[in-house]
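Participant:
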Amino acid sequence: MRFSQVDVFSSEPLLGNPVAVVHDADGVDEEAMAAFARWTNLSETTFLLAPTQPGADYRLRIWTPGGELPFAGHPTLGSAHAWLEAGGVPAADGVVVQECGAGLVQVRRDERLAFAAPPLTRAGAVDEADLVRIAAVLGVDRADLLDAAWIDNGPGWVGVLLPHADAVLALDPDFAAFGDLKIGVVGEYADGPAAVEVRAFCPGYGMPEDPVTGSLNAGVGQWLAGGRLPASYVASQGTALGRRGRVHVETVAGQIWVGGDTRTTITGSVGI
1336 MRFSQVDVFS
1346 SEPLLGNPVA
1356 VVHDADGVDE
1366 EAMAAFARWT
1376 NLSETTFLLA
1386 PTQPGADYRL
1396 RIWTPGGELP
1406 FAGHPTLGSA
1416 HAWLEAGGVP
1426 AADGVVVQEC
1436 GAGLVQVRRD
1446 ERLAFAAPPL
1456 TRAGAVDEAD
1466 LVRIAAVLGV
1476 DRADLLDAAW
1486 IDNGPGWVGV
1496 LLPHADAVLA
1506 LDPDFAAFGD
1516 LKIGVVGEYA
1526 DGPAAVEVRA
1536 FCPGYGMPED
1546 PVTGSLNAGV
1556 GQWLAGGRLP
1566 ASYVASQGTA
1576 LGRRGRVHVE
1586 TVAGQIWVGG
1596 DTRTTITGSV
1606 GI
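To convert a position in the sequence shown, counted from 1, into our numbering, add 1335.
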């Protein structure tokens, strides 16, 4: 099968978040998908399949080293890039429609690829007991959590706002205490490379920290864009891991779009 590895969310080589993409993978069973995702040891590995829903251009299955996800952002952009590069032709001009566990997701083809943020499956306030636990695992005082909300679009994200970007970059979480928590942390820059710095902690998926995270940034946009943050802005992510991810969040007619640059770094074939 054809194989691509695509770097997502950076215009500079090797500074985004890579996704492994297996093309024409209809014959690969779940056990082999899970084993290959563990073997690549990337935050996500995807499998391009024939669509089953009307209106979809392809179906995508998304795996972390720890299991399958119904939706994830950087795999969506990287897989759309790989599908197009392999000769995929979308049914509608300018838009690729991806079928995945979260339903149909539109991917816009413009200056860069951008996906329409899917509806949140869990939203709203975080209870005090969870906030105390979140502060403890992040290693900060409860008072440092300026705001928080459930912003889950599949992976399980809870978002927390810290006083500034430097506080986000200084975090040294206690990963052993996370349990099933998947925490996205946001802090604003007064004068920096972007509007905010974002970090994504998800040890339950087999990786302590994800370098650059589309699903989390989609949830953050649905939570804070047009309020605490501008309606459209750029987020920085991956700084603490030596990456320079840039996530473009844009609000168009009430819809959040999450975009980023995509670049193929590896092509070849794979036998599973």
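The C-beta atom is built at its ideal place from N, Cα and C for all residues, glycine as well.
Can you check the stretch 1518-1543 for any beta strand (DSSP E) of at least 3 residues that lies completely inside it and give the ranges in chain order?
Facilitator: Here the runs fully enclosed are 1531-1536.
Participant: How many angstroms separate the CA atom of V1467 from the CA atom of V1493?
Facilitator: On the sequence shown, residue 1467 is found 132 positions in, with the first residue counted as 1. On the sequence shown, residue 1493 is found 158 positions in, with the first residue counted as 1. One C-alpha to the other measures close to 13 Å.
Participant: With 16 other CB atoms within 10 Å as the buried threshold, where does T1323 fall?
Facilitator: This structure does not reach residue 1323, given that the chain is present from 1336 up to 1607, and the question cannot be answered.
Participant: Got a sec? Which residues, its chain only, sit under 8 Å from G1527 by beta carbon, not counting five neighbours each side?
Facilitator: By 1-based counting over the sequence shown, the position of residue 1527 is 192. Correct list, in chain order: A1500 and S1571.
Participant: Taking the alpha-carbon of L1481 as reference, which of R1443, G1522 and G1491 has the nearest alpha-carbon?
Facilitator: In the sequence shown, the residue the question calls residue 1481 occupies position 146. When each option's Cα is compared against that of L1481, the closest is G1522.
Participant: If I measure Cβ to Cβ from E1434 and keep anything under 6 Å in the same chain, skipping five residues before and after, which residues do I get?
Facilitator: Locating residue 1434 in the sequence shown gives position 99, counting from the first residue. Excluding sequence neighbours, E1434 sits near P1386, Q1388, A1391 and R1394.
Participant: Could you check which residue in D1428, D1462 and V1341 has the C-alpha nearest to that of A1483?
Facilitator: Position 148 of the sequence shown, counting from 1, holds the residue named residue 1483. Considering only alpha carbons, the answer is D1462.
Participant: Based on the DSSP secondary-structure assignment, which residues constitute the bridge partners of D1482?
Facilitator: In the sequence shown, residue 1482 corresponds to position 147, counting from 1. DSSP lists L1496 as partners of D1482.
Participant: Verify whether the separation of the beta carbon atoms of L1559 and L1496 is less than 9 Å.
Facilitator: Walking along the sequence shown from the start, residue 1559 turns up at place 224. Walking along the sequence shown from the start, residue 1496 turns up at place 161. Yes, these two residues count as a Cβ contact at 9 Å.
Participant: Identify whether P1353 lies in helix, strand or coil by the three-state DSSP scheme.
Facilitator: Along the sequence shown, one-based indexing puts residue 1353 at 18. Of the three classes helix, strand and coil, the one that applies to P1353 here is strand, per DSSP.
Participant: What first and last residue would you give for the alpha helix (DSSP H) that runs through L1371?
Facilitator: For the purposes of this step, residue 1371 is taken as the residue at position 36 of the sequence shown. Correcting the residue type first, residue 1371 is Phe in the shown sequence and not Leu. Element bounds for F1371: E1365 to T1375.
Participant: Please give the ranges of any alpha helix (DSSP H) in the stretch 1421-1445, keeping only runs that are unbroken, at least 4 residues long and fully inside the region.
Facilitator: Runs of the alpha helix (DSSP H) inside the stretch 1421-1445: none found.
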